[in-house]
Each structure stands twice: as C-alpha cells, then as structure tokens.
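Chemist: Heads up: the protein sequence lines correspond to chains S and X, in order.
Everything in the first sequence is counted per this note's numbering, starting at 6 for the first residue and increasing by one.
Everything in the second sequence is counted per this note's numbering, starting at 6 for the first residue and increasing by one.
Using N, Cα and C, we set each Cβ at its ideal position, and we do this for glycine too.
Please find one structure pasted underneath; my questions will follow.
Number of protein chains: 2
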Amino acid sequence: MALTDVENCEIHEVHEDNVRRVTEKMPDEDVLYDLAEVFKVFGDSTRIKILFALFEEDICVCDLAESLGMTQSAVSHQLRILKQARLVGGRREGKQVIYYLMDEHVRTIIASGLEHVLE
Amino acid sequence: MALTDVENCEIHEVHEDNVRRVTEKMPDEDVLYDLAEVFKVFGDSTRIKILFALFEEDICVCDLAESLGMTQSAVSHQLRILKQARLVGGRREGKQVIYYLMDEHVRTIIASGLEHVLE
DNA sequence: CAAACATATGAATAAGTGTTCAAATGTTCA
DNA sequence: TGAACATTTGAACACTTATTCATATGTTTG
Numbered sequence: 006m007a008l009t010d011v012e013n014c015e016i017h018e019v020h021e022d023n024v025r026r027v028t029e030k031m032p033d034e035d036v037l038y039d040l041a042e043v044f045k046v047f048g049d050s051t052r053i054k055i056l057f058a059l060f061e062e063d064i065c066v067c068d069l070a071e072s073l074g075m076t077q078s079a080v081s082h083q084l085r086i087l088k089q090a091r092l093v094g095g096r097r098e099g100k101q102v103i104y105y106l107m108d109e110h111v112r113t114i115i116a117s118g119l120e121h122v123l124e
Numbered sequence: 006m007a008l009t010d011v012e013n014c015e016i017h018e019v020h021e022d023n024v025r026r027v028t029e030k031m032p033d034e035d036v037l038y039d040l041a042e043v044f045k046v047f048g049d050s051t052r053i054k055i056l057f058a059l060f061e062e063d064i065c066v067c068d069l070a071e072s073l074g075m076t077q078s079a080v081s082h083q084l085r086i087l088k089q090a091r092l093v094g095g096r097r098e099g100k101q102v103i104y105y106l107m108d109e110h111v112r113t114i115i116a117s118g119l120e121h122v123l124e
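Spelled out as structure tokens, the structure:
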C-alpha cells in the first residue's frame with residue numbers, strides 16, 4: 006500500500022503499527038515508575054558517595070560525614086532515602102548506628118553506570 | 006590498643022582508619038558527579054518510557070508522543086535531555102526526526118535496574 | 001512562494017529535592 | 001538519674017525539574 010509509505014503523522018493518524026508495537030511491549034506503569042524511582046536514588050552524588058563508602062566497609066554516620074566532608078545531618082537525611090529504597094540498612098551498635106549495603110544489586114547498577122561514564 | 010575499641014566518634018576524632026580507607030578508594034569528584042548525572046537522566050518515568058520505546062524500534066517524535074499519551078512538546082523536551090546525555094540520537098527523514106538508541110549501555114543499565122525492581 | 005505539517009524552543013508555573021539549623025530521640029556510663 | 005555523645009527528625013530555604021502554552025524553525029508539496 007502506497008499510503009503507508011507517505012511519511013505523515015497527521016493523515017494516517019500516526020503510524021499505527023509502530024505505535025501498537027511499542028505500546029504492546031511497554032512494561033506496566035508501576036514497573037516503569039519503580040524503575041525511575043530506583044535510578045532517582047542513584048541520581049545524587051552525595052548518595053553515590055555514600056554507596057562507594059559502603060563498598061569498602063560498614064561504617065557509622067559520624068565517619069561517613071567525616072569522609073564525605075558533610076554535615077552529619079545531611080548524611081543522615083540521605084541515608085534515610087537509601088534505606089527506604091532498601092539499598093542500605095543500619096544496625097545499632099551502642100551509641101552508633103552502623104550502615105551497610107543491603108543489596109548486591111547496588112554494585113551491578115553502579116558498575117553499569119560507570120561503564121557509560123568512563124569512555 | 007584498648008583505645009581503638011572504644012566506639013566513640015568525638016574522642017578519637019572519628020575512626021581514622023575507616024575514614025582514610027574510604028577516602029582513598031573514593032573515585033574522583035568528577036566521576037562521581039558524572040555518574041550521578043547519568044542516573045539522574047534515568048530517574049524519570051517519561052524518559053524511561055522513551056528508552057523502552059526505542060528498544061523496539063527507531064521512531065519519530067510524533068509516534069512517540071502518541072505511544073506515550075503525551076504532548077509532542079513534552080516528549081521533545083525530554084528527548085533533548087536524552088540527546089545531551091548521548092543516550093539517543095536523532096536523524097532527520099523528511100519532515101520527521103527519527104530517534105534511535107545511541108548507546109547499548111542503555112540496555113545494560115536498565116536491565117540492572119530492573120533486576121532490583123523485580124523481586 | 002505559500003500552505004501544511006513535524007519538531008524544537010523559550011517562558012512560566014507547579015511540584016520536587018538537598019542542605020541547614022534547631023530541636024528531639026536514643027544510648028552509654030559515671 | 002543526669003551528663004555526654006550519636007543519630008534522627010522537622011521546618012525552612014534555595015534550587016531543580018517536568019509540563020504546558022505559545023511561538024519559532026525546518027521541511028515538503030502544490
């Protein structure tokens with residue numbers, strides 16, 4: 006059909022086959038939303054730094070703040086976000102709370118991002 | 006030394022060894038920044054949808070807008086961001102601009118994010 | 001060239017985000 | 001129990017960001 010060869014969005018009510026194929030394969034709305042939420046958590050350099058720190062060792066908020074050169078309050082706020090995303094966990098040891106990586110996926114995700122950055 | 010066993014941030018000017026180890030292994034500031042920037046681009050469900058669409062086929066802005074049920078203007082704005090991040094590219098074909106995935110890393114990154122989401 | 005179409009862009013707006021400051025909570029130890 | 005320390009929390013603020021609307025740019029075709 007010659008009609009489909011005419012590259013025109015309006016007359017053919019967009020290219021129906023393309024739109025249909027894309028729509029069919031599109032994941033559920035909630036998956037897309039969750040996916041964006043995860044990446045949003047990684048989309049802040051303070052949180053990235055915290056994760057790199059936790060790659061090395063379990064560490065208390067105080068040392069994290071010192072390592073990152075940031076307010077302990079700021080670090081604590083970011084730790085809450087990481088905890089809500091189930092990326093890190095915290096265990097109390099005496100007066101201190103020791104944070105640790107909860108999910109090895111973190112390493113995979115950051116590694117895949119690094120691949121893109123380092124070229 | 007008994008001193009290092011005392012869990013106290015203040016007296017020992019934080020746990021120096023921990024802080025030093027973390028600081029040593031921390032990537033350069035600009036790498037951390039770029040990394041966060043990349044993830045920031047993935048941290049929006051509209052852009053995620055666009056990328057999933059491009060997994061299926063090269064597609065024009067008009068069809069993208071139709072597939073996603075969004076304004077063509079909104080889609081165009083997001084495409085600009087994806088293009089600046091060198092994740093997608095656009096080639097003009099007649100009146101239309103066909104967008105395509107520029108970087109196979111995109112699939113890797115989204116796959117690693119999906120792993121975390123789907124459990 | 002003018003009309004029609006596809007896309008891009010700029011300004012405006014509303015919603016979201018990270019840090020700071022002050023204060024609250026939780027824990028240890030004398 | 002009370003003083004000292006570690007962490008958390010809430011409100012406020014400045015700063016981003018995504019979408020919309022209007023308009024501009026670029027392309028084809030009669």
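Would you kindly report the start and end of the unbroken alpha helix (DSSP H) that includes residue 92/S?
Modeler: Residue 92/S -> no alpha helix (DSSP H), and no H or E assigned at all.
Chemist: Is the beta carbon of residue 69/S sitting closer than 7 Å to the one on residue 58/S?
Modeler: Going by C-beta atoms, residue 69/S is nearer than 7 Å to residue 58/S.
Chemist: Can you name the start and end residues of the beta strand (DSSP E) that residue 106/S belongs to?
Modeler: Per DSSP, residue 106/S belongs to the beta strand (DSSP E) from 101-106.
Chemist: Thinking C-beta only, is residue 48/X closer than 7 Å to residue 60/S?
Modeler: Not closer than 7 Å, so no.
Chemist: Would you verify that the beta carbon of residue 33/S is, or is not, closer than 7 Å to some beta carbon of chain X?
Modeler: Taking Cβ atoms only, chain X never reaches closer than 7 Å to residue 33/S, which makes this a no.
Chemist: Identify whether residue 67/X lies in helix, strand or coil by the three-state DSSP scheme.
Modeler: Three-state DSSP puts residue 67/X in a helix.
Chemist: Comparing C-alpha positions only, which one of 124/X, 102/X and 14/X sits nearest to residue 63/X?
Modeler: Closest option to residue 63/X, Cα to Cα, is 102/X.
Chemist: For a contact defined as C-beta to C-beta under 9 Å, what are the partners of residue 38/S on chain X?
Modeler: Neighbours of residue 38/S on chain X, chain order: 50 and 53.
Chemist: Counting only beta-carbon separations shorter than 7 Å, does residue 26/X have a partner in chain S?
Modeler: Yes, residue 26/X counts as interfacial toward chain S.
Chemist: Residue 113/X CB to nearest chain S CB: under 7 Å?
Modeler: Chain S contact via Cβ: present.
Chemist: Do we get a CB-CB distance below 7 Å when we pair residue 22/X with the residues of chain S?
Modeler: So, not an interface residue.
Chemist: Please report the residue range of the alpha helix (DSSP H) in which residue 37/S lies.
Modeler: Residue 37/S -> alpha helix (DSSP H) spans 34-47.
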